[in-house]
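Trainee: Below is one structure. I have some questions about it.
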Amino acid sequence: MRATHSKKVGTGSNKRPEKLNVHIRNSWRTNLQLIRSIGNMIGYKKSLSEWQCLSEVKMGRGSPIPPMLRRKIVEQYQKGVSQRKIAKSLKLSSSTVHNIIQRFRESGTISVRKGQGRKTILDARDLRALRRHCITYRNATVMEITTWAQEYFQKTLSVNTIHRAIRRCRLKLYRSKKKPYLNMIQKRRRFLWAKAHLKWTVAKWKTVLWSDESKFEVLFGKLGRHVIRTKEDKDNPSCFQHSVQKPVSLMVWGCMSACGMGSLHIWKGTINAERYIQVLEQHMLPSRRRLFQGRPCIFQHDNARPHTASITTSWLRRRRIRVLKWPAYSPDLSPIENILCVIKRKMGQRRPKTIEQLEACIRQEWDNIPISKLEQLVSSVPRRLQTVIKRRGDDTQ
1 MRATHSKKVG TGSNKRPEKL NVHIRNSWRT NLQLIRSIGN MIGYKKSLSE
51 WQCLSEVKMG RGSPIPPMLR RKIVEQYQKG VSQRKIAKSL KLSSSTVHNI
101 IQRFRESGTI SVRKGQGRKT ILDARDLRAL RRHCITYRNA TVMEITTWAQ
151 EYFQKTLSVN TIHRAIRRCR LKLYRSKKKP YLNMIQKRRR FLWAKAHLKW
201 TVAKWKTVLW SDESKFEVLF GKLGRHVIRT KEDKDNPSCF QHSVQKPVSL
251 MVWGCMSACG MGSLHIWKGT INAERYIQVL EQHMLPSRRR LFQGRPCIFQ
301 HDNARPHTAS ITTSWLRRRR IRVLKWPAYS PDLSPIENIL CVIKRKMGQR
351 RPKTIEQLEA CIRQEWDNIP ISKLEQLVSS VPRRLQTVIK RRGDDTQ
């Protein structure tokens with residue numbers, strides 16, 4: 001009896017998996033036919049392997065119903081099929097089908113309702129007040145803004161919350177540009193100078209010989225502010241920003257016009273009025289003859305002390321050189337400043353480590369400036385004047 005009983009149990013246990021496999025196979029065919037019919041209905045076709053991959057992927061808990069399936073539910077509901085039959089045919093819960101149909105009744109759409117989630121601490125009115133405060137006090141730190149917000153809104157706010165709120169206000173913390181300070185008198189003079197020269201045409205500005213000096217340093221050891229590291233590598237010597245107390249530097253004087261690049265003079269140390277006159281004799285006068293070939297031109301330089309010294313002005317008067325009167329602290333109006341900025345950016349990329357390499361790189365980049373770039377910069381002077389007038393003499397781009 002025991003053997004017979006065990007045999008019956010064994011035979012029964014062997015038949016059950018076969019029935020289960022047949023049921024799974026039938027349900028798989030039914031689901032595959034349903035998916036194909038829905039795809040044909042909306043004009044979307046996929047291969048058999050793609051549908052198998054899609055059907056094998058299970059939706060996670062709380063995942064929204066696909067739009068294709070929602071559309072199928074609504075279509076069957078409009079045909080008069082009951083919600084229970086729809087749920088049974090599509091193998092969904094009755095509550096899911098009921099919610100989709102109810103949303104279709106109320107709003108006429110089948111889109112997924114946006115999740116509610118936790119409400120933010122600062123509402124739209126608070127964000128407007130925060131934006132006004134940030135624009136009024138642009139140089140305030142995030143800690144100062146957080147302290148103000150806690151007192152103004154009477155809420156418990158953290159620095160990270162204020163960071164996120166500032167981003168929600170479509171604002172962001174940037175590093176401010178460095179510009180020369182201008183007082184009211186200097187702004188007024190810039191404004192009047194721009195209005196007086198606004199009638200000059202581009203052809204008139206092409207007769208100007210632009211000049212300027214700049215200081216170039218050897219960038220050895222200065223690798224920038226940012227470094228890629230882990231939190232534990234903060235004391236790693238390779239992650240430090242090494243600075244040099246008095247880096248080796250060169251002074252560079254150059255001139256240019258819309259016709260081409262002039263001479264370049266490089267020396268060590270500072271410059272005074274006597275040395276500046278020698279630079280003008282040895283480099284400015286030959287560049288003037290070569291670029292303009294006897295045509296009348298106007299010489300431009302800024303208001304540095306060697307430029308405005310009495311011996312310099314008397315030398316220019318004896319040589320009958322017409323000088324363009326220049327407003328103080330106005331590097332944004334001179335096209336040659338853009339050329340020097342381009343060369344400095346190239347030096348930061350090439351990173352010469354000695355004085356000889358620095359001088360060679362400067363001369364090479366100076367000679368590589370195309371004439372089209374010079375014409376573009378000189379042609380932009382009228383637009384710069386309009387910007388100065390628009391800003392009432394303040395700093396421009």
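Numbering (UniProt numbering) for the sequence shown: 1 to 397. Every residue, glycine too, gets a C-beta built ideally from N, C-alpha and C.
#1: Determine the contact status of V378 and P335, defining contact as a CB-CB distance below 8 Å.
#2: Name the DSSP bridge partner or partners of F299?
#3: Below 8 Å CB to CB, which residues in the same chain sit around I362 once its five sequence neighbours on both sides are set aside?
#4: Quick one: what does DSSP say I73 is sitting in, helix, strand or coil?
#5: Once the 5 residues before and after H197 are set aside, which same chain residues still bring their CB inside 7 Å of it?
#6: Once DSSP output is grouped into helix, strand and coil, what is the label at V378?
#7: By how many angstroms is the C-alpha of K178 removed from the C-alpha of R345?
#8: Give me the DSSP bridge partner(s) of M284.
#9: Since M256 and L374 are thought to touch, with beta carbons under 8 Å apart, how far apart are those beta carbons, to the nearest angstrom?
#10: What is the residue span of the alpha helix (DSSP H) that S314 lies within?
#11: Rank D332, K353 and K72 by C-alpha distance to the C-alpha of V244 and give the top, closest one.
#12: Which partner residues does F216 have in the DSSP bridge list?
#13: So L333 and I298 are in contact, right, with Cβ under 8 Å, and what is the actual spacing, rounded?
#14: Can you look up H242 in the DSSP assignment and give me helix, strand or coil?
#15: Mind checking which residues open and close the alpha helix (DSSP H) that includes S263?
#16: Could you please give the first and the last residue of the uninterrupted alpha helix (DSSP H) stretch that includes S89?
Mentor: Once the coordinates are examined:
#1: Here residue 378 corresponds to residue number 378 of the sequence shown, with the count starting at 1. Here residue 335 corresponds to residue number 335 of the sequence shown, with the count starting at 1. Contact flag set, yes.
#2: The residue given as residue 299 occupies position 299 in the sequence shown. Answer by DSSP bridge pairing, in chain order: L209 and V323.
#3: The residue you call residue 362 lines up with position 362 of the sequence shown. Within the same chain, Cβ atoms closer than 8 Å to the Cβ of I362 are found at F216, L250, V252, L264, I266, I343 and M347, the five residues on either side in sequence being excluded.
#4: On the sequence shown, residue 73 is found 73 positions in, with the first residue counted as 1. In the structure shown, I73 sits in a helix (DSSP, three-state: H, G or I).
#5: Here residue 197 is taken as the residue at index 197 of the sequence shown, counted from 1. The answer, listed in chain order, is L385.
#6: Against the sequence shown, residue 378 aligns to sequence position 378. Helix at V378.
#7: As a first step, residue 345 is located in the sequence shown; it is residue number 345 there, counting from the start. As a first step, residue 178 is located in the sequence shown; it is residue number 178 there, counting from the start. Those two C-alpha atoms are separated by around 16 Å.
#8: One-based indexing of the sequence shown puts residue 284 at position 284. According to DSSP, M284 bridges with nothing at all.
#9: As a first step, residue 256 is located in the sequence shown; it is residue number 256 there, counting from the start. As a first step, residue 374 is located in the sequence shown; it is residue number 374 there, counting from the start. Confirmed, Cβ separation roughly 6 Å.
#10: For this step, residue 314 is matched to residue 314 along the sequence shown. From DSSP, the alpha helix (DSSP H) with S314 extends over S310 to R318.
#11: Working through the sequence shown from its first residue, we reach residue 244 at position 244. Residue K353 holds the alpha-carbon nearest to the alpha-carbon of V244 among D332, K353 and K72.
#12: Here the question's residue 216 lines up with position 216 in the sequence shown. DSSP links F216 through a beta bridge to L250.
#13: The sequence position of residue 333 within the sequence shown is 333, counting from 1. The sequence position of residue 298 within the sequence shown is 298, counting from 1. Here L333 is actually not in contact with I298; their C-beta atoms are around 14 Å apart, not less than 8 Å.
#14: Here residue 242 refers to the residue found at position 242 when the sequence shown is read from its first residue. Under the three-state reduction of DSSP output, H242 falls in the coil class, being neither helix nor strand.
#15: Reading the sequence shown from its first residue, position 263 is the one you call residue 263. Premise fails: S263 lies in the beta strand (DSSP E), G260 to W267, not in any alpha helix (DSSP H).
#16: Mapped onto the sequence shown, residue 89 falls at position 89. Run containing S89: Q83 to L90, per the alpha helix (DSSP H) assignment.
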